[in-house]
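Numbering (the numbering used here), first residue to last: 15 to 166. All C-beta atoms in this analysis are idealised placements derived from N, C-alpha and C, irrespective of residue type, glycine included.
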């Protein structure tokens, strides 16, 4: 495959809505992917919240909050772009993940469609899906939480 052939292929693809293209000839493989690659953002830690001041009558007594076990910290997987959230690769296909599923870092969790490009959203941590925060085929905003993952 020479440069002229590659340019011709690029010109043909320019006018189409094809987002991924792969061509193999002998031991040469040409892969073209339009649009932004899948991006995984690390969630930001929540800001610390100041405790309310203790009233004079309860000073020195343990609060009810101190007696309860702390909830396990979860990581949020957020949308890196504005688009439409899809849980499955196709309308008739099984979802990528369900609540309670174990996921590994780099595993595809969903798709966010933006401008006719299907962007795969990957897990940035290994753990268990604790919650799916968006309904299928719903619009999502940049930075909107999509999943809660309990890290291992």
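Around the Cβ of residue i, are there at least 16 other Cβ atoms within 10 angstroms (buried) or fewer (exposed)?
| i | result |
| --- | --- |
| residue 3 | Past the boundaries of the shown model lies residue 3; the chain is included only from 15 to 166, so the question cannot be answered. |
| residue 18 | exposed |
| residue 89 | buried |
| residue 117 | buried |
| residue 213 | The chain is shown only over 15 to 166; residue 213 falls outside these bounds and no answer can be derived. |
By Cβ distance, which residues of its chain are closer than 7 Å to residue i, with the 5 residues on each side in sequence left out?
| i | result |
| --- | --- |
| residue 124 | 99, 100, 101, 110, 135, 160 |
| residue 20 | 44 |
| residue 132 | 33, 125 |
| residue 148 | 99, 154, 160 |
| residue 139 | 89, 119, 163, 165 |
Taking a contact to mean a Cβ-Cβ separation below 7 Å, would you say residue i touches residue j in this structure?
| i | j | result |
| --- | --- | --- |
| residue 36 | residue 47 | no |
| residue 93 | residue 158 | yes |
| residue 95 | residue 128 | yes |
| residue 126 | residue 97 | yes |
| residue 141 | residue 113 | no |
| residue 115 | residue 146 | no |
| residue 130 | residue 22 | no |
Going along the chain, which residues of its own chain have a beta-carbon closer than 6 Å to the beta-carbon of residue i, five neighbours each way excluded?
| i | result |
| --- | --- |
| residue 120 | 136 |
| residue 25 | none |
By DSSP's criteria, residue i is part of a beta bridge. Which residues make up the other side?
| i | result |
| --- | --- |
| residue 39 | 42 |
| residue 132 | 127 |
| residue 100 | 125 |
| residue 165 | 141 |
| residue 91 | 161 |
Between residue i and the rest of its own chain, which residues show a CB-CB distance below 8 Å, the 5 nearest in sequence each way excluded?
| i | result |
| --- | --- |
| residue 108 | 102 |
| residue 156 | 93, 94, 95, 96 |
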